[in-house]
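Down below is the structure, laid out as structure tokens.
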Amino acid sequence: MKIGHTIRVEGAGRHKKIHHSKNASRRNQGGVLGYVMLSMLILGVIGIGAYACDISHNVSVRAQLQNATDAAALAGAKDLVIPNQEGMTEADAEAVAEANLADGEPVSTATPNTEVEVQSLPTATGGECQVTAHKQINNYFARIFGHNTDPVDVTSTAIAYRSVTSVRPNSLFPMVVSIDTLNGHTVPLYQSQIGDSVSFYLESQQYKNCAWTGFNTGNVNSNYVNDAIDQMLGFAPVESGFIPSVDVGDSLALMNGVASTKDLTEEPYFSAITDGRTLYVPVVSGEPPYNQERPCMGYIGIKVTNVIKNQQGGKVLELVCTLVKGFVKGTPGEIASSNNNQINTGIENLSAGIVQLSH
Numbered sequence: 001m002k003i004g005h006t007i008r009v010e011g012a013g014r015h016k017k018i019h020h021s022k023n024a025s026r027r028n029q030g031g032v033l034g035y036v037m038l039s040m041l042i043l044g045v046i047g048i049g050a051y052a053c054d055i056s057h058n059v060s061v062r063a064q065l066q067n068a069t070d071a072a073a074l075a076g077a078k079d080l081v082i083p084n085q086e087g088m089t090e091a092d093a094e095a096v097a098e099a100n101l102a103d104g105e106p107v108s109t110a111t112p113n114t115e116v117e118v119q120s121l122p123t124a125t126g127g128e129c130q131v132t133a134h135k136q137i138n139n140y141f142a143r144i145f146g147h148n149t150d151p152v153d154v155t156s157t158a159i160a161y162r163s164v165t166s167v168r169p170n171s172l173f174p175m176v177v178s179i180d181t182l183n184g185h186t187v188p189l190y191q192s193q194i195g196d197s198v199s200f201y202l203e204s205q206q207y208k209n210c211a212w213t214g215f216n217t218g219n220v221n222s223n224y225v226n227d228a229i230d231q232m233l234g235f236a237p238v239e240s241g242f243i244p245s246v247d248v249g250d251s252l253a254l255m256n257g258v259a260s261t262k263d264l265t266e267e268p269y270f271s272a273i274t275d276g277r278t279l280y281v282p283v284v285s286g287e288p289p290y291n292q293e294r295p296c297m298g299y300i301g302i303k304v305t306n307v308i309k310n311q312q313g314g315k316v317l318e319l320v321c322t323l324v325k326g327f328v329k330g331t332p333g334e335i336a337s338s339n340n341n342q343i344n345t346g347i348e349n350l351s352a353g354i355v356q357l358s359h
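In our numbering, the protein residues as written are 1 to 359.
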């Protein structure tokens, strides 16, 4: 058709001219191009959105995988400081990793597209446990563009020390125990093993083998002990530095009597102190009376299983405890308690230690 030709319109009773301009033609072409550009833009946004969703998914899975290896490394490192349990490091680390999920699946070599490797590096004072995990993650949207999977690799390393020579503030329960007395024990405490049940007698002069303490503050009155107990059992807010840091060798002020201290046989204290939590207490040497200062020789972890009242005086007589390997924040080192090698070895086996991630 030529521009400007006359076209007869049948039945219209008149002639009609239709004029097509070049501008109209260009507008039509521009409209088509706009649709093409819009379609390409929509596809681009969909593509970017698809990759963004998969990237978010990958970041989430990486975090889950890292949490699993962190927990596994800590579990394995604990075995390195527990006597006769070094051989369990790999098995315990793998079990803890498998108990965690990444992308909804157990973190285990038994899971398809997943690999877990544990390396144990024991030393004379503790050691390290390194856990590496690899997982091939299936993409949801990026596979549309041929990007089916992404690899994720994480590593966690935990370091362990058998004992600590300094404990950070607000970590210790306000009680000390004697490492070498036979009072209340058939064998001295340093000859006991992790898992043994022992009794610590506070009120009995016949069996007395522990005492309340104001630590190295010089403050040994019952008000301080009561407040410290409240803070450690969660009945009062923790005041920064109220319970000080304690170093091996510090002089600890001991209290021989317990006339005004908390009655731990009554609620809510009884339930709190016997709820399975680990309490960390300093260790001293010697026999009663404990109304003087004694040097700190180390720290042990205990779990209180029962509190027995003195029927005559109505106060706390005995704490029945299980010895546990305690793990507290502090400064690692070898505890040198005395010239008695047996005591040194005993404290080393029972002492609170450090297990922490090294990254």
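All C-beta atoms, glycine included, are put in the ideal place defined by N, C-alpha and C. Since we're looking at a predicted model, the values are computed, not measured.
Query: Among 285, 295, 235 and 239, nearest to residue 250 - alpha-carbon criterion; Result: 295
Query: Exposure label - residue 195; buried when at least 16 CB within 10 Å; Result: exposed
Query: Rounded separation between residue 211 and residue 242 - CA only; Result: 19 angstroms
Query: Residue 400, enclosing beta strand (DSSP E) - first and last residue; Result: This structure gives no information on residue 400, because the portion of the chain shown stretches from 1 to 359.
Query: Pairwise C-alpha distance: residue 135 and residue 120; Result: 21 angstroms
Query: Residue 300 versus residue 283: straight-line alpha-carbon distance, rounded; Result: 7 angstroms
Query: Cβ distance (whole Å) where residue 281 is taken to contact residue 177 below 8 angstroms; Result: 6 angstroms
Query: Bounding residues of the alpha helix (DSSP H) (the contiguous stretch that carries residue 156); Result: From DSSP, residue 156 is part of no alpha helix (DSSP H) but of the beta strand (DSSP E) over 149-161.
Query: Cβ-based burial, residue 286 [other Cβ within 10 Å; buried from 16]; Result: exposed
Query: Chain-order list of residues whose beta-carbon lies under 6 angstroms from that of residue 154 (same chain, five-residue window excluded); Result: 65, 66, 69 and 133
Query: Given residue 342 as reference, the closest of 79, 180 and 102 once Cα atoms are compared; Result: 180
Query: CB contact below 8 angstroms: residue 161 versus chain C; Result: Protein chains in the displayed structure number just one, and chain C is not present.
Query: Segments assigned alpha helix (DSSP H), at least 4 residues, entirely inside the stretch 77-119; Result: 89-98
Query: Exposure label - residue 182; buried when at least 16 CB within 10 Å; Result: exposed
Query: Proximity test, residue 100 beta-carbon vs the ligand MN heavy atom, cut-off 7 angstroms; Result: This structure lacks the ligand MN; in fact it carries no ligand of any kind.
Query: Close-in-space but distant-in-sequence residues of the same chain around residue 276 (CB under 8 angstroms, 5 per side omitted); Result: 303
Query: Residue(s) in a DSSP beta bridge with residue 133; Result: 116 and 154
Query: Limits of the unbroken beta strand (DSSP E) element including residue 306; Result: 298-309
Query: Whole-angstrom distance between residue 199 and residue 266, CA atom to CA atom; Result: 19 angstroms
Query: C-alpha distance - residue 152 paired with residue 356, whole-angstrom precision; Result: 24 angstroms
Query: 4 or more residues per run - each alpha helix (DSSP H) lying fully within the stretch 209-293; Result: 222-233 and 269-273
Query: Residue 354, enclosing beta strand (DSSP E) - first and last residue; Result: 354-357
Query: Neighbourhood of residue 305 by C-beta, 7 angstroms cutoff - its chain only, sequence neighbours within 5 removed; Result: 274, 320, 321 and 322
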